[in-house]
Structure formats: C-alpha cells, structure tokens
Amino acid sequence: MPFKKLHSDIKEKLAFFEITTPTPFQSKSIPFIKSGANVYCTAPKNSGKTTALILTTLQKLKCEEVGVAPRAIILVENRERAFELEETILKYTRHTSLRVYTCDDKFHIEVLTSEIFEGVDILIATPKTVCKLLLSEGLNMTQLKIFNIEDAEFLSKSSTYTDLMAITQSIHKCQYVVYSEKSNTMLKRLETNIMQYSRTVAL
Numbered sequence: 213m214p215f216k217k218l219h220s221d222i223k224e225k226l227a228f229f230e231i232t233t234p235t236p237f238q239s240k241s242i243p244f245i246k247s248g249a250n251v252y253c254t255a256p257k258n259s260g261k262t263t264a265l266i267l268t269t270l271q272k273l274k275c276e277e278v279g280v281a282p283r284a285i286i287l288v289e290n291r292e293r294a295f296e297l298e299e300t301i302l303k304y305t306r307h308t309s310l311r312v313y314t315c316d317d318k319f320h321i322e323v324l325t326s327e328i329f330e331g332v333d334i335l336i337a338t339p340k341t342v343c344k345l346l347l348s349e350g351l352n353m354t355q356l357k358i359f360n361i362e363d364a365e366f367l368s369k370s371s372t373y374t375d376l377m378a379i380t381q382s383i384h385k386c387q388y389v390v391y392s393e394k395s396n397t398m399l400k401r402l403e404t405n406i407m408q409y410s411r412t413v414a415l
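For the sequence shown, position 172 (counting from the first letter as 1) is numbered 384 according to my numbering, and the numbering increases by one without interruption.
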C-alpha cells in the first residue's frame, strides 16, 4: 500500500481528493522512487504517471520549503504543458510551504533569474530554458534532490537531448526519474549517462 507510507500532508490531500487506491502503476512505481533509485517509469496514458510524479516529489521534499535553491526539477516538453502541470501540482501543495515556480519561455532570462532567486523548491521548465538559466548563472543546482522528466518522448529531438546532457553536467548528485509511455533508443542512451543502476517499472 504505497499511499500508507507517504507524508501525512500528502495523505490528507489524497483523502480530500477521495483518492484511496493507487493505480497498478502507482503501486509498482512509488516504492521504487521512494527508495531513492533512478527509475524508468513506462506506462500507457491515464495510468497515473503524473500523480505518481507529484506524490513522490512532495515526499522527497517532505512537503516543506528549505533554503532558496530548487530541490526538485521537472522537465517538460513546452510551456503549455509546464503551466498545466503547475496547476495540478498547486492543488497538492496548497496549505504547505512548498514554493512552485514555472519558467515562462516568453520571459527574458533575467526576469526568470530574479524570480528564482526569491526562493523555489520545485522548478518546472523546458530543457532549453534550464540551459539558458545555467549559462547565465541564474540557477543553483547544488541542493537538487530529484530530477523528473515528464513524458520523456520529447527527448527524441537531438537538440533537446543535447540540452539535457548539458544540464546534467551541472548536477553533482541527485535522483533521476524518467516517465514515458514507451521506451525508445534515446531513453535507453540515458543509461550510460544519468540512469546508471536504474530500475524499470513498466506496465
């Protein structure tokens, strides 16, 4: 029962949403992610991947703000998906002190940098924007605990994959969790870079 061992704030929120039973995917994936391992999470649409991502990220951060540098990053394909995901996450972080910030690609990088410096726990962004932030020294990666890639099929674009590799060069140590509907050769290539000793959860 993966929900039973989650932080009390998360369990309260699940009860509020009347979510009592994990999906088969969540039952398999949440224990592995909570263990701290790097995990490939592969399952069809509507299997509960986004909810698993949110729950395990909040669990990792203990539902409370710490410091000013991001402790969780969620990479997404585009700004539209970034704001959709933010809206969903905020339903779970309301009444906690966690700070969620979504990078709007339409803003100048200096604006994003100044807002991130105010203090962020969970950062949602595209790989391209994270790269720009790193190049401008606008992002501190030293406190990072978990790095999620949502719907990772978008990494099949070579430029996006290159951006990801550049980002990970700035990370000393953290947990990587890759979510996708299907595996592909591009995702398997990650095993030689960031996904060493990874576990796979597949439906």
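No residue lacks a Cβ here, since even glycine has one placed at the ideal position from N, Cα and C.
Can you tell me the Cβ-Cβ gap for residue i and residue j, rounded? I've got them flagged as a contact below 8 Å.
{"i": "T268", "j": "K246", "result": "6 Å"}
{"i": "I266", "j": "Y304", "result": "5 Å"}
{"i": "L335", "j": "P282", "result": "4 Å"}
{"i": "Q355", "j": "G279", "result": "6 Å"}
{"i": "E276", "j": "T308", "result": "7 Å"}
{"i": "P256", "j": "E393", "result": "6 Å"}
{"i": "I285", "j": "L297", "result": "Between L297 and I285 the Cβ distance is about 12 Å, and since that is not below 8 Å, they are no contact."}
{"i": "M407", "j": "Y388", "result": "6 Å"}
{"i": "M353", "j": "I383", "result": "5 Å"}
Between the options, which lies nearest to residue i when the distance is taken from Cα to Cα?
{"i": "I358", "options": "E230, D221 and G248", "result": "G248"}
{"i": "I321", "options": "V312, A337, R306 and P243", "result": "A337"}
{"i": "T412", "options": "G260, H219 and C253", "result": "C253"}
{"i": "S259", "options": "E327, R311, I242 and K400", "result": "I242"}
{"i": "Q271", "options": "D221, S326, N352 and E299", "result": "D221"}
{"i": "P339", "options": "T300, A294 and D333", "result": "A294"}
{"i": "T262", "options": "C315, K400, E330 and A364", "result": "A364"}
{"i": "D333", "options": "I301, D316 and T341", "result": "I301"}
{"i": "K318", "options": "E292, G331 and E330", "result": "E292"}
{"i": "A264", "options": "N360, G331 and E299", "result": "N360"}
How would you label residue i, buried or exposed, when you count the other beta carbons within 10 angstroms and need 16 or more for buried?
{"i": "E414", "result": "Here residue 414 turns out to be Ala, not Glu, going by the sequence shown. Flag for A414 reads exposed."}
{"i": "F229", "result": "exposed"}
{"i": "R306", "result": "exposed"}
{"i": "Q238", "result": "buried"}
{"i": "P236", "result": "exposed"}
{"i": "S370", "result": "exposed"}
{"i": "N405", "result": "exposed"}
{"i": "F244", "result": "buried"}
{"i": "L273", "result": "buried"}
{"i": "L310", "result": "buried"}
{"i": "K217", "result": "exposed"}
{"i": "N290", "result": "exposed"}
Which same chain residues end up closer than 7 Å to residue i when comparing Cβ atoms and leaving out the 5 residues on each side of it in sequence?
{"i": "F215", "result": "K223, L226 and P234"}
{"i": "Y373", "result": "L367 and M398"}
{"i": "C386", "result": "L356, K357, I358 and F359"}
Tell me which same chain residues have a C-beta within less than 8 Å of the C-beta of residue i, skipping the five on either side of it?
{"i": "E403", "result": "S410"}
{"i": "C343", "result": "D375, A378 and I379"}
{"i": "H219", "result": "L270, Q271, K274 and C275"}
{"i": "G331", "result": "E277, G279, V280 and R311"}
Answer yes or no: does any C-beta atom of chain D fall closer than 8 Å to that of residue i?
{"i": "F228", "result": "Considering every chain present, this structure includes no chain D. It has just one protein chain."}
Can you determine whether any heavy atom of the ligand ZN sits closer than 7 Å to the C-beta of residue i, and answer yes or no?
{"i": "S395", "result": "This structure lacks the ligand ZN, and indeed carries no ligand of any kind."}
So, for residue i: in the same chain, excluding its five sequence neighbours on each side, which residues have a beta-carbon less than 6 Å away from its beta-carbon?
{"i": "S202", "result": "Beyond the ends of the chain as shown, which are 213 and 415, falls residue 202; an answer cannot be given."}
{"i": "L351", "result": "L345"}
{"i": "L324", "result": "C315"}
{"i": "E299", "result": "none"}
Exercise for review: Entirely within the segment 264-291 and at least 3 residues each: give me those beta strand (DSSP E) ranges in chain order.
Suggested key: 284-287
Practice item. Could you pull out every unbroken beta strand (DSSP E) segment of at least 3 residues lying fully inside the segment 344-413, listed in chain order? Key: 358-361 and 387-392
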